[in-house]
């Protein structure tokens, strides 16, 4: 067993970067070290673990099974070390210089970014927010939650950890105003089945609310094109005879400028509920609690509907 008192703890920082980046140069940039220094650290780590950790695969590297098993352990270790330096008796938003890491879809960011940043500018002018997108396969792991403050994703999609509901939206059908199947602003079930669809995807194996909604209506849609997320859908539909499904707020935002119609259909619309998710170990963090309150307030500022959150805890919420 390795005596940690004699261990260079900088190796843990390098290991965390290597596990995340799987590339020596990028890992070095992440920790502010040269590529030779990272290479030397990797050699020492390989000796300590008696395992290659990273192996060549074509022009890149892949993690060994041992390295994969270390990801949650190292992430938790880094978090605990960070907490040791971050511990404060209270969180004062007026003076804090904290950077919050928030993961969300393009749709969520298009709706919530402006009101959230307005709130932060007023209440916490020295804080920063870094946004990034949901993982391509939309599978969020406990390790992902550890590395971020909040992940905003739809409920019912298996995101682990704690959560607080933010807002809801329903899916609507958008078509070009000149679509020949459109009659008095409506599409029949038969027309929807005949038309080709612009399909939103979130990874090769991820079913969506829209897939489930159409399946329940007995429709196996013919796909014309697939796009990542919801925001590209209106742009793909305009000027075509295709049909697309998007959250109602996205449809309202773009229908007028793109010459689209929000078509009435006999299909019962599915409802998307977005929620803030975080790792259970962060629940007691006063800064995290404050951030979730701001996300809820931002949701209310744009009138996100009946599911919009308030300072009161909603059913199924963890704050």
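Numbering (our numbering), first residue to last: 127 to 445. Ideal placement from N, C-alpha and C gives every residue a C-beta, glycine not left out. Predicted, not measured: the structure shown is a model, and the values here were computed from it.
{"Check": "Determine the extent of the beta strand (DSSP E) in which residue 388 is found, giving its start and end residues.", "Outcome": "386-389"}
{"Check": "DSSP on residue 345, reduced to helix/strand/coil?", "Outcome": "coil"}
{"Check": "In terms of residues, what are the limits of the beta strand (DSSP E) holding residue 326?", "Outcome": "322-327"}
{"Check": "Taking the C-alpha atoms as reference points, what is the distance between residue 198 and residue 392?", "Outcome": "47 Å"}
{"Check": "Pull up the distance between the alpha-carbon of residue 285 and that of residue 376, whole angstroms please.", "Outcome": "24 Å"}
{"Check": "Assuming residue 278 is part of the beta strand (DSSP E), what are its boundary residues?", "Outcome": "276-280"}
{"Check": "Quick check on the DSSP output: the alpha helix (DSSP H) that includes residue 232 runs from which residue to which?", "Outcome": "232-249"}
{"Check": "Have a look at residue 133 and residue 146 and give me their C-alpha separation to the nearest angstrom.", "Outcome": "22 Å"}
{"Check": "Buried or exposed: where does residue 229 fall if 16 or more other Cβ atoms within 10 Å of its Cβ makes it buried?", "Outcome": "buried"}
{"Check": "Quick check on the burial criterion: 16 or more other C-beta atoms within 10 angstroms. Buried or exposed for residue 306?", "Outcome": "exposed"}
{"Check": "Could you tell me if residue 325 is buried or exposed, where buried requires 16 or more neighbouring beta carbons within 10 angstroms of its beta carbon?", "Outcome": "buried"}
{"Check": "Which whole-angstrom value is the C-beta distance of residue 201 and residue 273, which I expect to be below 8 Å?", "Outcome": "6 Å"}
{"Check": "Under a three-way DSSP split, which group does residue 440 fall into?", "Outcome": "Per-residue confidence for residue 440 stands at a pLDDT of 44, beneath the threshold of 50, marking its modelled position as unreliable; the derived number appears in the next sentence. Note: residue 440 maps to coil in three-state DSSP."}
{"Check": "So which of 323, 299, 322 has the shortest CA-CA distance to residue 313?", "Outcome": "299"}
{"Check": "Going by the DSSP bridge assignment, what does residue 309 pair with across the sheet?", "Outcome": "312"}
{"Check": "Please state whether DSSP places residue 133 in a helix, a strand or coil.", "Outcome": "coil"}
{"Check": "According to DSSP, is residue 287 helix, strand or coil?", "Outcome": "coil"}
{"Check": "Which residue's Cα is closest to the Cα of residue 339: 356, 394, 321?", "Outcome": "394"}
{"Check": "Quick test of your reading: residue 276 and residue 404, contact by CB under 8 Å. State the CB separation rounded to the nearest angstrom.", "Outcome": "5 Å"}
{"Check": "Out of 381, 245, 418, point me to the one whose CA is closest to residue 302's CA.", "Outcome": "381"}
{"Check": "Do residue 508 and residue 271 have their CB atoms nearer than 8 Å?", "Outcome": "Nothing can be reported for residue 508: it is not among the residues displayed for the chain, which extend from 127 to 445."}
{"Check": "Within 10 angstroms of its Cβ, does residue 142 collect 16 or more other Cβ (buried), or is it exposed?", "Outcome": "buried"}
{"Check": "Using DSSP bridges, identify the partner residues of residue 182.", "Outcome": "187"}
{"Check": "Can you give me the C-alpha to C-alpha distance between residue 191 and residue 178, rounded to a whole angstrom?", "Outcome": "10 Å"}
{"Check": "Is it buried or exposed for residue 421, if we count other Cβ within 10 angstroms and need 16 for buried?", "Outcome": "buried"}
{"Check": "Going by alpha carbons, who is nearest to residue 357 out of 327, 349, 350, 337?", "Outcome": "327"}
{"Check": "Please return the same chain residues whose Cβ sits closer than 6 Å to the Cβ of residue 249, not counting the five positions on each side in sequence.", "Outcome": "219"}
{"Check": "Could you check whether residue 257 and residue 425 sit closer than 8 Å to each other, using their CB atoms as the reference points?", "Outcome": "no"}
{"Check": "Mark residue 436 as exposed unless 16 or more other C-beta atoms lie within 10 angstroms of its C-beta, in which case mark it buried.", "Outcome": "In this prediction, residue 436 has a pLDDT of 44, which is less than 50 and means its spatial position is unreliable; nothing more can be read from the coordinates."}
{"Check": "For the alpha helix (DSSP H) containing residue 363, list its first residue and its last residue.", "Outcome": "358-363"}
{"Check": "I'd like the span of the alpha helix (DSSP H) that includes residue 413, first residue to last.", "Outcome": "412-427"}
{"Check": "Which one or two residues does DSSP pair with residue 298 in a beta bridge?", "Outcome": "372"}
{"Check": "Cβ atoms of residue 217 and residue 446: under 8 Å apart, would you say?", "Outcome": "Any property of residue 446 remains undetermined from this structure, which presents the chain solely from 127 to 445."}
{"Check": "DSSP state of residue 258, grouped into three classes?", "Outcome": "strand"}
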